[in-house]
Amino acid sequence: MIVEVGGRPVHVGPRAAWDAAKVEVAAQSRPLRLWLGLLTVLCLIGAVGAVLAIAPGWEVFGTTPTVEWGLLIIAYVFFAVTTSGLCLASSLGTVFGIEMFTPLEKRHAVLAVLSLVTAFGIIALDLHFPLRLMFGMVLSPSPTSPMWWMGVLYGIYLCFLLTEVWSMFTGRYQVHQVACVLASIMAILAPTTLGAVFGVLVARSYWFGAFTPPSMLVAALMSGTALLGIVFYCVVRFQLRGHQRAAALAIPAIRLLMTIVILVSVFLTVVQVIGGLYGSVPGVADATLSYLVGPLALPFWILRVILGLLVPLALLLLPRTRTPAGVFAASCLAFMGLFVDRVVFVLAGQIAPTTASSGVVSDPWATYVPSFVEVSITVGGIAFIALAYTLAERFLDMGEHGGHVGFFRLKAPTYHAAGDEH
Amino acid sequence: MTVSRRRLLGSGLAAFAGLLGARSIALGAPATARAAAPGGAGTGVAPADAAPAGYVPSDHRWGMVVDTVSCIGCGRCVEACKLENHVPMDPEYNRTWVELHVIAQDGSVIVAAPDGGIDGYSAEAVAALGLSESIRQAYFVPRLCMQCDNSPCTSICPVGATFRTEDGVVLVDDERCIGCGFCVVACPYGARYIVPAGGEMPNGYPGVADKCTFCYHRTTRGLLPACAEVCPVEARIFGDLKDESSPVSAVLRDRRTQVMKPEAGTKPRVYYLGLEAEVG
Amino acid sequence: MKRPTSIRLGRPRIRRPSTRRGAAILVAAVIAGVAVLSVAGFVLASGTVSLYERYGFRPEANAQAWADLTPAYADASACQQCHAAEHTEWVESKHIGVECETCHGPLGAHASTTPPVPARAVDATGKICTVCHEQVLGRPAAQPQVDLATHYGGFPCFQCHTVHSTVIVARPPTIPHPLTRLPACTTCHAPGGLKPVPGGHVQSEDAVCLSCHFREPKVGAPPEERVTP
């Protein structure tokens with residue numbers, strides 16, 4: 000079929016599309032082709048896992064009545080906090096117009112949409128009846144349920160994010176400003192309710208309390224900032240659109256934010272450990288010990304504390320590593336460290352139960368081994384975000400459009416070098 | 000942007016009709032699995048005192064007293080519950096189970112439940128626990144859903160699939176449940192599980208949450224729950240809390256009872272006799 | 000100290016559109032949202048309100064569905080209709096506190112079908128007895144229990160103990176002596192057996208034992224009374 004586009008005839012059809020795709024792929028540089036190929040393979044592995052999860056066997060997960068929330072819930076929490084953190088981190092630019100953060104305006108939104116869509120996809124695969132959730136949340140709502148609120152708020156957040164992305168790429172700057180503000184408000188509320196999902200459970204003393212929602216917010220900031228650090232290093236390294244302002248403004252901005260968030264996280268971790276051990280409160284003490292000296296000790300100490308907090312902090316502060324590459328390394332480690340932190344958080348609350356679960360006594364720890372399906376879905380989720388974002392970076396204009404962000408722009412002076420005229 | 004009133008009304012009605020249609024699709028799937036109860040019991044005619052017609056839920060308030068002083072740990076109740084309610088025979092899934100609580104001389108508590116106690120406790124099974132310390136006290140504790148008045152599970156269900164009936168029994172609507180497992184994680188007593196696929200399923204629905212229902216199909220017909228029926232030493236005393244002459248009311252009146260985990264604020268309707276303070 | 004960068008980070012000067020009305024709307028929306036969330040928080044705090052229960056999204060239908068299931072366990076009165084003899088034995092025995100189905104499994108289908116679906120066979124090895132009567136840590140002393148290691152091991156329980164015994168005696172239930180069902184006398188009464196005869200006693204065949212320990216049955220006497228101690 001031949002279609003006229005702008006006066007030129009264009010061949011349209013599967014054969015033509017395939018030929019065009021081959022030409023397009025061949026036109027990429029070799030490293031890019033390798034990267035996309037690797038991601039495609041990982042996505043396919045994830046697709047295999049997803050298909051296996053949909054078939055009505057449901058024994059494909061490693062969850063048990065004692066450890067009912069496993070790797071898929073952890074991955075969902077991880078992607079949900081990442082999407083909120085992306086918005087929170089860049090809200091300094093998009094809502095308050097602080098120029099140091101404005102280069103983040105477009106890329107964070109695309110990443111946030113992808114991360115949230117992946118989160119929803121993963122939870123749909125974990126739930127046994129996802130369609131019932133969609134109907135049930137509307138037709139038989141349960142406002143006493145923090146999970147209901149979480150679903151509602153993340154749904155609203157998705158709408159605002161999509162509005163933000165659409166208005167961003169179609170030049171509707173007024174709508175974009177308002178959408179940024181609303182999305183940022185939701186980016187605070189939604190992870191708070193996600194934390195409340197864990198925090199209202201009187202049965203799980205380790206999670207219970209008002210502390211959990213704020214610590215989920217801090218986790219969100221950490222993962223969002225880290226992902227931005229990874230992406231913006233690539234922008235600078237591969238000289239993608241807007242890379243000068245990215246190198247001059249975004250990288251230092253991310254470094255600043257990362258440093259603050261890591262320091263806050265270190266503080267929170269120390270407080271949680273001391274509070275958990277003090278007084279030997281049943282449930283809390285066991286859970287804290289499970290990640291200090293128990294089965295979760297290795298991931299916690301090595302991957303989370305040393306590689307996920309202390310090494311990134313060092314990389315960000317030491318003069319020799321205050322470079323975009325240093326920010327990249329710190330971000331990669333912090334991103335990985337936060338994933339491990341969510342693993343420890345979700346599992347520690349379940350492997351040290353205070354009572355038998357469905358007739359099974361866990362002494363001293365319950366065991367949980369993620370199955371191949373759970374691992375493949377998680378890996379596929381990460382690969383999907385990377386693949387989709389790479390393509391978005393390739394085909395969309397992610398540079399700034401200058402001057403229009405910041406509904407609540409502060410009256411700060413613009414940057415000028417010494418000796419410039421106003 | 001101006002929208003005419005007519006269009007607004009029309010789109011609103013259309014949305015409402017769509018929601019109704021969606022609701023009927025979501026809920027109208029016939030419970031074909033329930034009609035043919037798995038396990039072969041469906042071939043028989045219902046017992047002569049069948050059909051809970053005329054049963055008024057609000058006239059009753061079901062409760063149970065578990066006597067840990069009398070319990071001999073035979074596990075007949077565990078087996079009876081599984082056979083009565085088509086609970087999976089897998090030892091990981093129990094609506095009710097029996098634990099052995101051993102309190103050593105130094106005050107430490109050891110809790111064990113081999114296979115949930117379904118085969119009782121033999122001397123070999125106890126020896127396999129490897130109890131080396133001298134023992135101050137040991138007794139059996141049957142466990143089940145506490146049918147709490149202030150249940151965490153009913154509050155946190157995102158679609159309201161688990162609910163409390165007027166006679167105080169907490170049930171799970173297996174056509175509304177999404178299988179998220181929030182209630183499983185939220186129960187302070189570990190009374191719930193997600194039904195695995197294959198083998199026995201209480202209602203023919205895998206993937207939904209399940210728990211003790213106080214044998215609702217029996218109590219509405221004036222029978223005892225299966226566990227209370229088969230207990231050889233009457234360690235499970237079941238009855239109507241609203242009826243002052245029922246055995247459970249008599250026990251609650253005449254003896255000192257307690258509940259498990261009162262600090263959780265759940266207000267259970269299953270009371271215990273003879274628990275030590277260390278029990279969790 | 001490094002010199003500040005001399006790149007002019009100029010941006011095109013765009014006149015910001017007026018958003019005063021938008022700001023008012025936004026503030027109103029945020030206040031409304033906070034109000035809604037506060038109400039929800041109050042509901043949460045009261046802890047007992049569930050939209051599902053309060054406005055009844057038809058939970059009665061599901062409660063009725065649960066109530067409509069067929070019970071699998073019947074009652075002893077159902078067993079009595081066909082097994083009157085065993086029922087009478089049971090009522091007068093020490094096991095009156097134990098329901099038929101405790102040992103015989105669910106009998107609802109068996110009791111209500113014609114011809115009756117087969118009931119579960121009772122495990123003849125004695126496991127059904129030891130599950131209640133084995134001496135185990137934690138079992139209350141009021142429960143009759145034996146230490147299996149020293150209690151005539153190697154013999155199935157039913158060989159000496161009846162379950163539906165008609166004779167009310169002190170524990171344990173009588174040991175039946177219908178000669179057609181037991182092994183030789185020496186099985187139990189040999190020096191190393193269950194109930195060894197006193198020393199100096201004649202160890203011999205059944206016929207020798209019975210020459211002293213047999214009495215003519217009276218009319219109507221049960222078989223147990225043929226063998227005298």
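Chains as they are written, first to last, in numbering that gives the first Met the number 0: chain A, 0 to 421; chain B, 0 to 279; chain C, 0 to 228.
Beta carbons are placed, not taken as given, at the ideal position from N, Cα and C, and that holds for glycine.
Just so it is clear, the structure is predicted and the values come from calculations on it, not from any experiment.
When C-beta atoms of the stretch 301-321 of chain A are compared with those of the stretch 334-345 of chain A, three or more pairs fall below 8 Å, so the two segments count as touching. Residue environment for Leu37/A: exposed (fewer than 16 other C-beta atoms within 10 angstroms of its C-beta). Of all residues in the stretch 172-184 of chain A, the ones placed with a Cβ closer than 9 Å to any Cβ belonging to chain C are Tyr172, Gln173, Gln176, Val177, Val180, Leu181, Ile184, in chain order. For the stretch 8-25 of chain A, the set of positions with a beta-carbon nearer than 9 Å to some beta-carbon of chain B is empty. Not flagged as an interface residue toward chain C: Glu275/B, since no C-beta distance is shorter than 7 Å. Excluding the 5 residues flanking it on each side, Pro246/B has same chain C-beta neighbours closer than 7 Å at Ile236, Gly238, in chain order.
For the options Val11/A, His400/A, Gly405/A, the alpha carbon positioned closest to that of Phe168/A is the one of His400/A.
Here Val80/A carries a helix assignment [DSSP, helix/strand/coil]. Ranked by how close their Cα comes to the Cα of Gly135/A, the residues Arg175/B, Leu99/B, Gly116/B have Arg175/B in first place. Taken in chain order, the unbroken stretches of alpha helix (DSSP H) that lie wholly in the stretch 131-177 of chain B and span 4 residues or more are 151-155. Residue contact check for Ala39/C against chain A: a CB pair falls below 7 Å. With contacts defined as CB atoms closer than 7 Å, Gly380/A and Ser222/A fail to qualify as a contacting pair. Taking 7 Å as the threshold, the shortest C-beta distance from Phe128/A to chain B falls below it. Taken in chain order, the members of the stretch 199-215 of chain A whose beta-carbon sits within less than 8 Å of a beta-carbon on chain B are Val199, Leu200, Val201, Ala202, Arg203. By the criterion of a C-beta distance shorter than 6 Å, Gly115/B is surrounded in its chain by Val77, Pro90, Asn93, Trp96, once the five residues flanking it on both sides are discounted. Rounded to whole angstroms, Thr65/A and Gly189/B show a C-alpha spacing of 8 Å.
Assignment of Ser356/A by DSSP, reduced to helix, strand and coil, places it in the strand class. Between Ala189/A and chain B, the shortest Cβ-Cβ separation is not below 7 Å.
The beta strand (DSSP E) runs of length 3 or more contained entirely in the stretch 166-248 of chain B are, from start to end of the chain, 169-171, 235-239.
The beta carbons of Leu256/A and Ala88/A sit about 6 Å from each other, so the pair counts as a contact at 8 Å. Taking the Cα positions, Leu251/B is about 44 Å away from Pro129/A. Counting along the chain, His103/C sits inside no beta strand (DSSP E); it lies in the alpha helix (DSSP H) bounded by residues 99-103. Counting along the chain, no beta strand (DSSP E) covers Arg236/A; the unbroken alpha helix (DSSP H) around it starts and ends at 211-236. The Cβ of Pro142/A sits closer than 7 Å to at least one Cβ of chain C.
A Cβ of chain B is located within less than 7 Å of the beta carbon of Val360/A. When secondary structure is reduced to three states using DSSP, Ala64/C falls in the helix class.
Around Tyr75/A, the same chain offers Ala118, Ile121, Ile122, Asp125 as residues with beta carbons nearer than 8 Å, after the five sequence neighbours per side are excluded. Not a single C-beta of chain A is nearer than 7 Å to the C-beta of Arg60/B. Cβ-Cβ distances below 7 Å link Leu226/A to Thr81, Leu85, Leu110, Phe334 in the same chain, with the five nearest sequence neighbours on each side left out; the list follows chain order. Within the DSSP bridge table, the entry for Pro8/A names Glu3/A as partners. Proximity of Val90/C to chain B, defined by a Cβ-Cβ separation below 7 Å, is not satisfied. In terms of beta-carbon proximity, Met257/A stays away from the interface with chain B, with every pair separated by 7 Å or more.
For the pair Ala108/C and Pro115/C, the Cα-to-Cα distance works out to about 7 Å. If you check the CB distance, Pro56/B and Cys147/B do not come in under 7 Å. With a threshold of 7 Å between beta carbons, Pro64/A makes contact with chain B. Here DSSP, grouped into helix, strand and coil, assigns Asp66/B to strand.
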